[in-house]
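*Asks:* Residue numbers (the numbering used here), protein chains in the order written: chain A, 4 to 369; chain B, 1472 to 1647.
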């Protein structure tokens, strides 16, 4: 009986492996693209049968057409992906050319990845798997919306696109509110910042190439970036703030009511740093160091409050990611006070309580 | 019968004997007596802080990941100066700390050392609040005694039940 069971398990093993064959991550550059422009598709095959492949991986696609039809056992070179690093592969194409389908008929791309002979495959990227590559629908931005962005969860190391309709942006709100002045500009640039303008890339003469948006036609402009590269700081991105203008700022484009544009990231999991108090044991005549390491937050996101008897000191952390510190002088405020403990709290700018603790003071022995 | 050469040899020997006798009676000049330099002479004067590290002795002994923090650039420690005064006989009198840095040890009072001369152990500076030196307020170890080097390192140690749990290392250079 045991022998039969063992045989059954051994027979099922390959299928158990196939159950965990989904493509780990798919993204495109630019994040928003048209079917008749060049785009690079990125696939992370970690966890699939193709994870260990280093030689060649091929795209097998059947929607919106099946360009390599009939060649399952011997994929064509045009479908070959390029190895990026680790388990990440890419293929660059103009979808309308690759699929030989008119651009206005391409709304989504489905397929899977395979070895040349098809002996190893990944699961599909398709609607039923929830990971089809969907092209942006420009209907709303052309007709009703002023702006949009994708992906909605803004990741620092992944492509990110912002769209604006320059014909619908606002200017001169203080005098005679005007819509569409920016659409008459020969170029549109973005003046923007991360997380309430904490890190800013200015629209200035030195940054014109970097801040310039791509004109997609119909007054639609697009900014493409990888945020951590664009802003030069690897911080968790909760929002992107922006205003648009031409290169000389003579023509402006704001959001409704001339407000700054605000692109709020959703679903960002901000890793809070781990905290420690240095040293472990302290007296009222010492310096206390608050230590925060390995978090996504910026040092200026972290606020401390230390209560020492009747004295309360507050401030922000300092330092460079991932090591932030705050130095607290216990000596001066406690010189004329006798207390046996202090109280330390650390909060984010949004008020989240990260640390709330008492610290005992060791009596001084001379 | 003595030959001429025997006469010459005899003359030389007599001269040598006379010269040796004369020189052996001459008094040797070793110079006047100079007392050895005391630790007080080495420590006295004004010292400028050039470095300050705070060490968590507990973390150090238990293999903690963070054992030391550099405080030199914080709280005006860069402006801190310590002056150890002595009297005409180079005996320690008062001391003072200038600048606005936090008072890790009492900033003025009187000082004394554990011994005026080297004992083979780490030298200690005792700080007192009174001139009679009966009320000890703090204690500093001299971990680098000026001499071979012009600089001096002092260590302030916090203890609990005799066990060190925290220390500060002050690096100092003489103020010219």
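Quick reminder that beta carbons are idealized off the backbone N, C-alpha and C, glycines included.
Check whether chain A comes within 8 Å of residue 1605 of chain B, counting only Cβ atoms and requiring the distance to be less than that.
*Replies:* So no, residue 1605 of chain B is outside the interface.
*Asks:* What do you reckon, are the CB atoms on residue 285 of chain A and residue 364 of chain A nearer than 8 Å?
*Replies:* Cβ atoms of residue 285 of chain A and residue 364 of chain A: closer than 8 Å.
*Asks:* For residue 122 of chain A versus residue 48 of chain A, is the C-beta distance shorter than 8 Å?
*Replies:* No, they are not a contact pair.
*Asks:* Output, in sequence order along the chain, the residues in the segment 313-347 of chain A whose CB is closer than 9 Å to any CB in chain E.
*Replies:* In summary, chain E is missing from the structure at hand, where the protein chains are A and B.
*Asks:* Assuming residue 199 of chain A contacts residue 242 of chain A (C-beta within less than 8 Å), just tell me the rounded distance between them.
*Replies:* The pair is a contact, with the Cβ atoms about 7 Å apart (cut-off 8 Å).
*Asks:* Beta carbon of residue 256 of chain A, beta carbon of residue 167 of chain A: below 8 Å?
*Replies:* Contact: yes.
*Asks:* Between residue 314 of chain A and the rest of its own chain, which residues show a CB-CB distance below 6 Å, the 5 nearest in sequence each way excluded?
*Replies:* So the qualifying residues of the chain are 336.
*Asks:* Closer than 9 Å, Cβ to Cβ, to anything on chain A: give me those residues from the segment 1614-1646 of chain B, in chain order.
*Replies:* So the close ones are 1629, 1630, 1631, 1632, 1633, 1636, 1637, 1639.
*Asks:* Closer than 8 Å, CB to CB, is residue 10 of chain A near chain B or not?
*Replies:* With a pLDDT of only 46 at residue 10 of chain A, under 50, the local geometry of the prediction cannot be trusted, and the value read off the model is given with reservation. Not an interface residue.
*Asks:* Assuming the contact rule is C-beta atoms closer than 8 Å, residue 1564 of chain B and residue 1581 of chain B should be a hit. Round their C-beta distance to whole Å, please.
*Replies:* The Cβ separation is near 7 Å, so the contact holds.
*Asks:* By alpha-carbon positions, which one of B:1587, B:1619, B:1529, B:1542 ends up nearest to residue 1572 of chain B?
*Replies:* Residue B:1542 is the option with its Cα nearest to residue 1572 of chain B.
*Asks:* In terms of residues, what are the limits of the beta strand (DSSP E) holding residue 278 of chain A?
*Replies:* Taken as a continuous stretch (DSSP letters only), the beta strand (DSSP E) holding residue 278 of chain A covers 277-281.
*Asks:* Can you list, in chain order, the residues of the segment 1538-1563 of chain B whose Cβ is nearer than 7 Å to any Cβ on chain A?
*Replies:* Residues passing the 7 Å Cβ filter: 1540, 1542, 1545, 1546.
*Asks:* Check whether chain A comes within 8 Å of residue 1602 of chain B, counting only Cβ atoms and requiring the distance to be less than that.
*Replies:* No, its Cβ sits nowhere closer than 8 Å to a Cβ of chain A.
*Asks:* Report the partner residues of residue 372 of chain A according to the DSSP bridge assignment.
*Replies:* Since the displayed chain A opens at 4 and closes at 369, residue 372 of chain A lies outside it and no answer follows.
*Asks:* To test your reading of the DSSP string, which unbroken alpha helix (DSSP H) runs of 4 or more residues are found completely within the segment 82-120 of chain A?
*Replies:* For the segment 82-120 of chain A, whole alpha helix (DSSP H) runs of length 4 or above, ordered along the chain, are 98-102.
*Asks:* Using alpha carbons as the reference points, say which of B:1638, B:1629, B:1643 lies closest to residue 1621 of chain B.
*Replies:* That would be B:1643, whose Cα lies nearest to the Cα of residue 1621 of chain B.
*Asks:* Nearest to residue 254 of chain A by alpha carbon, out of A:231, A:170, A:240?
*Replies:* Considering only alpha carbons, the answer is A:170.
*Asks:* Do you know offhand how far residue 1586 of chain B's Cα is from residue 1609 of chain B's?
*Replies:* Cα-Cα distance, rounded: 16 Å.
*Asks:* Could you please give the first and the last residue of the uninterrupted alpha helix (DSSP H) stretch that includes residue 214 of chain A?
*Replies:* Counting along the chain, the alpha helix (DSSP H) containing residue 214 of chain A begins and ends at 211-214.
*Asks:* Quick one: list the residues of chain A neighbouring residue 1529 of chain B, beta-carbon separation under 9 Å, in chain order.
*Replies:* What residue 1529 of chain B touches in chain A: 282, 283, 284.
*Asks:* Measuring CB to CB, does residue 380 of chain A end up less than 8 Å from residue 53 of chain A?
*Replies:* Residue 380 of chain A lies beyond the range of chain A shown here (4 to 369); nothing can be said about it.
*Asks:* Which residue comes first and which comes last in the beta strand (DSSP E) that contains residue 153 of chain A?
*Replies:* Per DSSP, residue 153 of chain A belongs to the beta strand (DSSP E) from 150-153.
*Asks:* Hey, would you say residue 44 of chain A sits closer than 8 Å to residue 31 of chain A, going by beta carbons?
*Replies:* In contact: residue 44 of chain A and residue 31 of chain A (Cβ atoms closer than 8 Å).
*Asks:* Classify residue 194 of chain A as buried or exposed, calling it buried when 16 or more other Cβ atoms lie within 10 Å of its own Cβ.
*Replies:* Classification for residue 194 of chain A: buried.
*Asks:* Express the C-alpha separation of residue 146 of chain A and residue 104 of chain A in angstroms, rounding to a whole number.
*Replies:* Going by the C-alpha atoms only, they are around 25 Å apart.
*Asks:* What does residue 1574 of chain B reach in chain A if we use C-beta pairs closer than 8 Å?
*Replies:* Here the neighbours are 288, 334, 335, 338.
*Asks:* Helix, strand or coil for residue 1597 of chain B per DSSP?
*Replies:* If DSSP states are grouped into helix, strand and coil, residue 1597 of chain B belongs with the strands.
*Asks:* I'd like the span of the alpha helix (DSSP H) that includes residue 142 of chain A, first residue to last.
*Replies:* Element bounds for residue 142 of chain A: 142-146.
*Asks:* Taking the Cβ atom as the reference point for each residue, do residue 331 of chain A and residue 290 of chain A lie within a distance shorter than 8 Å?
*Replies:* Going by C-beta atoms, residue 331 of chain A is nearer than 8 Å to residue 290 of chain A.
*Asks:* Would you say residue 1583 of chain B reaches chain A, if we count a Cβ-Cβ gap shorter than 8 Å as a contact?
*Replies:* No, because no Cβ of chain A sits closer than 8 Å to the Cβ of residue 1583 of chain B.
*Asks:* Measure the C-alpha to C-alpha separation of residue 1605 of chain B and residue 1535 of chain B and round it to an integer number of angstroms.
*Replies:* Between residue 1605 of chain B and residue 1535 of chain B, the C-alpha separation is close to 39 Å.
*Asks:* Between the Cα of residue 233 of chain A and those of A:213, A:223, A:221, A:240, spot the shortest distance and give me the residue it belongs to.
*Replies:* Ranking the options by Cα distance to residue 233 of chain A, first place goes to A:213.
*Asks:* Please list the terminal residues of the continuous beta strand (DSSP E) segment that includes residue 63 of chain A.
*Replies:* 61-66 is the extent of the beta strand (DSSP E) around residue 63 of chain A.
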